[in-house]
Ligand code: ASP
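Here it is in structure tokens:
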């Protein structure tokens with residue numbers, strides 16, 4: 246059987262960090278050596294792997310649209326040369342990057358597995374070793390044809406994943422979608438929910454720097470503070486609402502601002518602050534108004550998916566109506582229609 250070849254792309258994050266007088270920082274020098282000294286990665290049954298190291302390495306809090314594009318480009322440039330890709334990335338914004346890369350890679354038929362660690366590889370008890378070896382094996386398994394996050398025994402759809410803990414080893418979950426696989430004694434794939442390989446031609450669609458944002462509604466919100474940002478310059482906004490899509494019913498000022506922004510062309514996508522469940526505009530009077538002014542129902546999308554989907558659709562330069570329609574449609578398994 247042909248030995249599989251996996252490309253490991255190291256972008257930064259705790260997995261390769263070292264101590265500095267200012268706290269943890271990415272450590273570029275010793276990372277290849279750290280990987281080479283993981284016995285499982287040199288096991289005869291392991292696939293061949295090659296390392297691509299970004300410069301500069303980043304704490305993922307510093308990731309921007311440019312770095313998402315850099316990851317997408319690195320995969321696209323090597324797409325034909327490897328059977329799969331493992332992206333080593335900081336955990337803080339991994340859900341955003343995995344969602345962004347899911348959208349920018351069209352017609353994907355190879356696995357792209359994001360992983361990282363809560364404890365650096367150079368420290369005792371690092372979770373990085375297991376996360377890397379399982380990600381590499383999953384990338385070589387031939388079972389997966391989509392962008393995923395692997396962490397602490399679970400494989401998640403990338404555009405459904407969200408960081409759930411800053412201090413537990415199980416740092417990620419996909420509360421609105423089943424796990425794609427679980428790694429116990431063997432790796433069990435949930436074949437009912439895994440996406441099939443795409444049929445069309447693979448294509449990389451870099452994002453543009455689109456002016457978009459997220460507003461989280463909270464009790465006692467002073468809506469007038471948001472008026473200055475809700476202008477026609479803002480192309481799209483994800484509104485993180487209560488429960489099933491509700492905003493305070495004394496929110497007439499917010500509605501006035503949203504309506505104004507909507508009339509000047511801003512696409513407003515309604516998501517929920519709840520980890521689990523869906524938005525149902527009109528279920529309560531407190532959400533009907535949003536529906537009536539033409540806000541888009543973000544259904545059960547994560548904020549990470551909704552925001553990066555706005556970037557994607559605006560970067561395609563579609564007209565506003567098409568973007569509105571597609572925001573509520575399933576493109577990469579990011580929502581239930
Ligand atoms: N601040 C780090 C990062 O996101 C946290 C981590 O990797 O776990 O890069």
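Residue numbers (my numbering): 246 to 582. In this text, a Cβ means the ideal position worked out from N, Cα and C, and glycines have one as well.
- Listed in chain order, the non-local C-beta contacts of residue 337 below 6 Å within the same chain comprise 305, 306, local neighbours out to five positions each way being set aside.
- Distance from the Cα of residue 379 is smallest, within the candidate group 290, 494, 573, for 290.
- Residue 433 is bridged by DSSP to 427.
- Between residue 392 and residue 342, the C-beta spacing is not below 7 Å.
- C-alpha of residue 319 to C-alpha of residue 467: approximately 43 Å in a straight line.
- Residue side-chain check: residue 259 places its Cβ nearer than 6 Å to a non-hydrogen atom of the ligand ASP.
- Rounded to whole angstroms, the gap between the alpha carbons of residue 353 and residue 463 is 38 Å.
- Here residue 540 is near residue 513, since their CB atoms are less than 7 Å apart.
- In this structure, the alpha-carbon of residue 301 lies about 13 Å from that of residue 276.
- The criterion of a C-beta distance shorter than 7 Å is not satisfied by residue 330 and residue 455.
- Taking a C-beta distance under 7 Å as the contact criterion, residue 501 and residue 442 do not qualify as a contact pair.
- When DSSP states are grouped into helix, strand and coil, residue 561 belongs to the coil group.
- Residue pairing by DSSP places residue 407 opposite 418 in a beta bridge.
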